[in-house]
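Residue numbers (my numbering): 2 to 446. So the structure is just underneath, and the comments pick up after that.
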Ligand SMILES: Cc1cc2nc3c(=O)[nH]c(=O)nc-3n(C[C@H](O)[C@H](O)[C@H](O)COP(=O)(O)OP(=O)(O)OC[C@H]3O[C@@H](n4cnc5c(N)ncnc54)[C@H](O)[C@@H]3O)c2cc1C
């Protein structure tokens, strides 16, 4: 701190300092410090002050623990990104200030929610300032109007838990606990209850968004309707930084049925065919997914009515499995199951996850580092037997760590007309693929 004050009181020595101490300087203003080289000799700071920025900027700096913590990247694929700085915003004012000053000083601005973009888009590049939204955790439930208003900083599992705990409501989210709410909601949002309640994006009622000019606007059916349409599927960061979402809420299911059929992977062609015949025409309360990896082939059924809608009848439409299991749980039990599942990730050893209440502790750093490449394919018709066989042989060429996930569409997803919401991938039979490799040795990209 002594060094800092000295520097500040000797402005003419500023350039000497830069030469001698790399390119960093601390300013005794909260925990704020700026990368002088890029931020332009304090002008960026003046801009932020003028724009009423009231939070912290953590600059890229060798051995900075705060920076390392914020810059945690669970994705091992690709280079480790090193953005210029993190703006730990507390309010929409802070977001507006960073966008305006970033524009003025030609510094790229990258919004970061849960950090689960597989290509690390939220980490920007070496000339970006990341707007880290983790502190925007407002939450208001209006049960009578069936809506929840949430800040952009929520991760899925803690959010699902909080809204249930606070008001016994739920809103359709994805499967992975550590995904961020705006990333998933603005890109689509596929979860276990999707055929009954639609994608997460279908359930957005309104957003507050800071546009590229640094203005805060509300977008909903009545105000800025085009922007509202685009955000629901077009990925928010293409249009601005969302600070708040209003989502439709529902009464949680009283029970959830989960059934699993396990097969030998050699049975893939006949099991796939049964699945593609069944899943598009299944009742909208049922979502049937299939997973194929080197060692296992599994079909999972989730029934939101909790009844296991004639599960024995469904089973008759499929080849005889090696094993079959069913479980009916309460909605909180199901939440726990989903949260602990982490959709293909694993928790870091330090993450405590022993009871439902531990969900609130799940954070951006809870997911252990892993190498993942994913690719999705969408089809709008059933595959012919020759195509199914081709799919199988394609998989056999891949290393055993590659996994294929098949998700069924239809139901509420297809009921929405394209002019009402943006995602173009509607009116599909199913999503084929989501090929994942999850090992540092996998080069399946
Ligand atoms: C392990 C794993 C499991 C997944 N499971 C599912 C699933 O079950 N269902 C599903 O539908 N998807 C799933 N996904 C995909 C996931 O929804 C997307 O990758 C999503 O974009 C991640 O959002 P995020 O906020 O966590 O990531 P980030 O990397 O923080 O953000 C993703 C993109 O959105 C932008 N963004 C983030 N917040 C904002 C904001 N407030 N305003 C404007 N732009 C913003 C970022 O700049 C970036 O471009 C999964 C992904 C992974 C890696």
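From the three backbone atoms N, C-alpha and C, an ideal C-beta is built for every residue, glycine too.
Bridge-paired residues (DSSP) for residue i
i           : result
residue 112 : 132
residue 288 : 303
residue 407 : 291
residue 328 : 259
residue 152 : 245
residue 140 : 151
residue 348 : 368
residue 76  : 371
residue 171 : 251
residue 264 : 298
residue 309 : According to DSSP, residue 309 bridges with nothing at all.
residue 125 : BP columns for residue 125 are empty, so no partner.
Nearest-angstrom Cα separation, counted from residue j out to residue i
i           : j           : result
residue 109 : residue 259 : 45 Å
residue 1   : residue 227 : Absent from the structure is residue 1, since the part of the chain shown begins at 2 and ends at 446.
residue 407 : residue 300 : 9 Å
residue 404 : residue 279 : 22 Å
residue 175 : residue 210 : 22 Å
residue 122 : residue 221 : 26 Å
residue 1   : residue 158 : The question about residue 1 has no answer here: the residues shown for the chain are numbered 2 through 446.
residue 112 : residue 326 : 42 Å
residue 151 : residue 68  : 26 Å
residue 207 : residue 76  : 31 Å
residue 290 : residue 303 : 9 Å
residue 214 : residue 104 : 8 Å
residue 320 : residue 294 : 18 Å
residue 276 : residue 267 : 15 Å
residue 224 : residue 117 : 30 Å
residue 162 : residue 391 : 42 Å
residue 375 : residue 51  : 43 Å
residue 191 : residue 281 : 15 Å
residue 91  : residue 367 : 22 Å
residue 98  : residue 235 : 24 Å
residue 377 : residue 248 : 26 Å
residue 402 : residue 141 : 42 Å
residue 127 : residue 85  : 5 Å
residue 271 : residue 264 : 11 Å
residue 356 : residue 230 : 39 Å
Limits of the unbroken beta strand (DSSP E) element including residue i
i           : result
residue 59  : 57 to 60
residue 283 : Careful: residue 283 lies outside any beta strand (DSSP E) and carries neither H nor E.
residue 88  : 86 to 89
Residue i classed as buried or exposed, judged by whether at least 16 other C-beta atoms fall within 10 angstroms
i           : result
residue 233 : buried
residue 244 : buried
residue 129 : buried
residue 448 : In the structure as shown, the chain starts at 2 and stops at 446, and residue 448 therefore has no counterpart that could be examined.
residue 346 : buried
residue 172 : buried
residue 409 : buried
residue 254 : buried
residue 397 : exposed
residue 95  : buried
residue 240 : buried
residue 66  : exposed
residue 314 : exposed
residue 93  : buried
residue 153 : buried
residue 165 : buried
residue 394 : exposed
residue 196 : buried
residue 1   : The question about residue 1 has no answer here: the residues shown for the chain are numbered 2 through 446.
residue 283 : buried
residue 358 : exposed
Span of the alpha helix (DSSP H) around residue i
i           : result
residue 70  : 66 to 71
residue 44  : 44 to 51
residue 393 : 386 to 397
residue 160 : 157 to 168
residue 314 : 312 to 317
residue 102 : 93 to 105
residue 363 : Counting along the chain, residue 363 falls outside any alpha helix (DSSP H), and DSSP gives it neither H nor E.
residue 416 : 413 to 416
Any chain B beta carbon closer than 8 Å to residue i
i           : result
residue 386 : This model lacks chain B altogether; it includes just one protein chain.
* To do: At 3 residues or longer, and completely inside the region 185 to 261: list those beta strand (DSSP E) runs for me, N to C.
  => Uninterrupted beta strand (DSSP E) stretches at least 3 residues long and entirely within the region 185 to 261 occur at 205 to 211, 217 to 221, 242 to 249, given in chain order.
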